[in-house]
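Following: one structure in structure tokens, then a few remarks.
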Amino acid sequence: MKSIYDIRRKNLNEIIRRDFDDTQLRFAERVKRSQNLVNRWCTGIKNIGPNAARIIEEAARKEKFWLDVDHELDAVQADIFIPATEDGEWTVEKQAAATLNAWMRKNSEMTSEKKVAVAAGIGPATVNRIMKAEVSTTIGVLSSLARAFGHEAYEMIIPVGAPGIIDYDHRMYAALPQEEKNKITSFINFVFEQNKSK
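Position 66 of the sequence shown, counted from 1, bears residue number 66 in the UniProt record's numbering, the numbering being contiguous throughout.
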């Protein structure tokens with residue numbers, strides 16, 4: 001079980017990664033503390049106490065006690081199929097945001113909006129708005145983002161874990177000779193036939 005200090009440290013690192021371009025100095029300036037202290041909080045050399053946690057939340061514009069909650073469970077939920085939201089509508093923008101956030105969590109080289117923007121060749125503000133589902137986007141922007149992660153644009157709008165979707169490496173499949181692709185198709189059809197009577 002994680003301690004409250006581990007949870008606070010992880011959440012602080014996530015705030016710095018997402019909202020401050022993975023730059024401790026920028027966060028230190030916002031929170032009006034030394035960069036050395038922020039670094040010690042981030043590395044776990046110094047624990048983040050309750051008073052410091054409230055100061056961090058205020059500087060990061062998070063609600064009170066946000067730093068004390070393990071948001072890892074929220075992140076896991078973003079990776080699974082979500083048929084509807086509180087307002088009853090799951091939009092393409094919300095799916096693209098969920099997919100982009102999931103890809104960023106899984107890719108150690110794409111840890112900030114700035115790094116994603118550079119890799120995709122688009123502006124950091126555009127990445128930020130897409131991550132927050134605040135804007136409609138074009139297929140060109142989705143394609144640029146997806147290719148930065150080694151995916152295709154359509155993969156950004158297909159919910160992970162959706163029924164009927166097979167999870168596989170699309171690029172590896174595309175690189176296979178046609179004979180091997182035919183074997184895969186044949187095997188899938190074989191499994192379908194085996195399960196028709198069940």
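Glycine included, every Cβ here is placed at the ideal spot set by N, Cα and C.
One thing to note: Trp-41 has its Cβ no nearer than 8 Å to the Cβ of Leu-67. Under the three-state reduction of DSSP, Trp-41 is assigned to helix. Comparing alpha-carbon positions, the option among Phe-20, Ala-120, Tyr-5 and Val-191 lying closest to Gly-49 turns out to be Tyr-5. Distance between Leu-25 and Glu-14, taken at the CA atoms: about 15 Å. Here Tyr-5 carries a helix assignment [DSSP, helix/strand/coil]. Between Ala-125 and Ser-144, the gap from beta carbon to beta carbon reaches 8 Å or more. Secondary structure note for Tyr-168: it is in no alpha helix (DSSP H), with a DSSP letter that is neither H nor E. Taking C-beta atoms as the reference points, Ile-166 and Ile-158 fail to come closer than 8 Å. For Asn-107, the CB contacts under 7 Å within the same chain, skipping 5 residues up- and downstream, are Phe-149 in chain order.
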